[in-house]
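K.L.:
All residue numbers for the sequence shown refer to this note's numbering, where the first residue is 328 and numbers rise by one. For glycine and all other residues, C-beta sits at the position ideal for the given N, C-alpha and C. Got a structure for you, questions after.
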Amino acid sequence: MYNERGVLAPLFFKKKALHETKTFINKQEYKKDMRNERADTAKNIATILAFWLLVLVLSATVQIPVQIASATTAERVIFCNLNAYPGDTITENVTLYGDLPDRTGSWRIFYKQIEGDSENMNITSWIEVKPKDYTIKTGEAKHFQLIIKVPSDASPGLWGATSEDAGIAGHAAQRRTYIEFKDADAEAVVQGAGSTTYTGIRIPLSVNVLGTPEKPSPFDGITDMLKANILSIAMLAVIVVLLVILLRRRKT
């Protein structure tokens with residue numbers, strides 16, 4: 328640190344100055360990094376806020392359908408691809424279960440109209456649910472009859488849906504005709520409360536109308552018997568011919 332004359336060595340000052348310079352530079356770089364980090368954090372926060380603000384704006388301007396869970400459940404929620412001939416009547420059982428205190432509701436038949444649909448899509452006039460109105464209690468099972476009367480002039484093909492895939496879960500786009508039940512708190516309905524909330528479920532259905540069955544011919548049985556005994560009949564014919572020949576020879 329000191330030279331032979333007791334004077335502070337210049338090298339010491341140089342090292343000290345260099346160390347102080349490096350320390351100063353490091354502090355400046357640290358401050359710069361902190362400023363950059365704060366700026367990046369502020370940008371991220373601003374981006375997140377802008378995103379959620381956009382979501383709020385879209386939510387206010389775009390109507391997003393919200394399905395309210397039904398307080399009443401159905402045992403079966405799809406009646407698609409029912410087979411019937413023209414003029415037939417289909418009868419199916421429908422069961423609802425009450426999950427909340429007394430509920431009052433009713434059934435209706437619903438057609439979801441889509442542009443370009445054929446007349447085969449709307450079969451609401453074929454359908455009836457009995458009884459139409461109901462009151463159901465907690466834990467109660469309520470039974471109904473779904474009655475579908477196929478017109479005698481209905482052409483063969485699928486009616487009430489665009490595809491047989493309508494009977495598969497997740498294929499709502501192929502469905503057109505539904506039965507739908509809706510109910511609400513029975514006490515609120517009686518009091519006529521303006522805020523009464525109705526909930527329910529739409530149940531899709533479709534009918535596969537089969538071709539008119541051919542009427543059996545009265546000669547079908549005879550034809551089948553002849554086909555089954557063709558060999559025996561042929562042998563009998565040969566025997567008859569031989570007998571005729573023998574009889575003629577005897578006469579001569």
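#1: How long is the line joining the alpha carbons of A481 and I528, rounded to whole angstroms?
#2: In the DSSP assignment, the beta strand (DSSP E) including V536 goes from what residue to what residue?
#3: Decide if the segment 454 to 466 is in contact with the segment 422 to 439; the criterion is three or more beta carbon pairs, one per stretch, under 8 angstroms apart.
#4: For the alpha helix (DSSP H) holding V325, just list the boundary residues, first then last.
#5: Taking the alpha carbon of R435 as the point to measure from, which residue in S452, V477, T523, A500 has its own alpha carbon closest?
#6: From which residue to which residue does the beta strand (DSSP E) around K457 run?
#7: Could you pull the DSSP bridge partners for E446 from this structure?
#8: With DSSP as the reference, please indicate the residues paired to E301 in a beta bridge.
#9: Quick one: grab the DSSP three-state call for Q390.
#10: Within this structure, are the beta carbons of A411 and V477 separated by less than 8 angstroms?
#11: What is the C-beta distance between L409 and P483, in whole angstroms, given that I count them as a contact (C-beta under 8 angstroms)?
#12: To the nearest angstrom, how far is it from the Cα of E419 to the Cα of I454?
#13: If you check the beta carbons only, do R503 and M552 fall under 8 angstroms apart?
#14: How would you call P531, buried or exposed, if buried means at least 16 neighbouring beta carbons within 10 angstroms?
#15: Given a cut-off of 8 angstroms on the beta-carbon distance, is the pair L473 and N535 in contact?
#16: Grouping DSSP H, G and I as helix and E and B as strand, with all else coil, what is Q489?
#17: Are the beta-carbon atoms belonging to V516 and T526 less than 8 angstroms from one another?
#18: Tell me which residue opens and which closes the beta strand (DSSP E) that D460 is part of.
#19: Within a Cβ cutoff of 8 angstroms, which residues of the same chain sit near D429, ignoring the five residues on either side of it in sequence?
#20: Compute the Euclidean distance between the alpha carbons of D415 and N556, then round it to the nearest angstrom.
#21: Helix, strand or coil for K554? Go by DSSP, reduced to three states.
#22: Would you tell me roughly how many angstroms separate the C-alpha atoms of K591 and R577, rounded to the nearest one?
#23: Taking the C-alpha atoms as reference points, what is the distance between I450 and K439?
#24: For the beta strand (DSSP E) containing I495, name the first residue and the last one.
#25: Whose CA, out of T399, G487, I417, lies closest to the CA of E446?
P.N.:
From the atom records:
#1: 28 angstroms
#2: 526 to 536
#3: yes
#4: Limits of the chain in this structure are 328 at one end and 579 at the other, which puts residue 325 out of reach.
#5: S452
#6: 454 to 457
#7: Answer by DSSP bridge pairing: none, since E446 is not bridged.
#8: Any property of residue 301 remains undetermined from this structure, which presents the chain solely from 328 to 579.
#9: Bear in mind that the predicted position of Q390 carries a pLDDT of just 35, short of 50, making it too unreliable to give a figure here.
#10: yes
#11: Between P483 and L409 the Cβ distance is about 14 angstroms, and since that is not below 8 angstroms, they are no contact.
#12: 11 angstroms
#13: no
#14: buried
#15: no
#16: A quick correction: the sequence has Thr, not Gln, at residue 489. Three-state result, T489: coil.
#17: no
#18: 460 to 463
#19: T462, I463, K464, T465, D512, A513, E514
#20: 38 angstroms
#21: helix
#22: Outside the displayed span of the chain (328 to 579) sits residue 591, for which this structure offers no information.
#23: 11 angstroms
#24: Neither: I495 is in no beta strand (DSSP E) and is coded neither H nor E.
#25: G487
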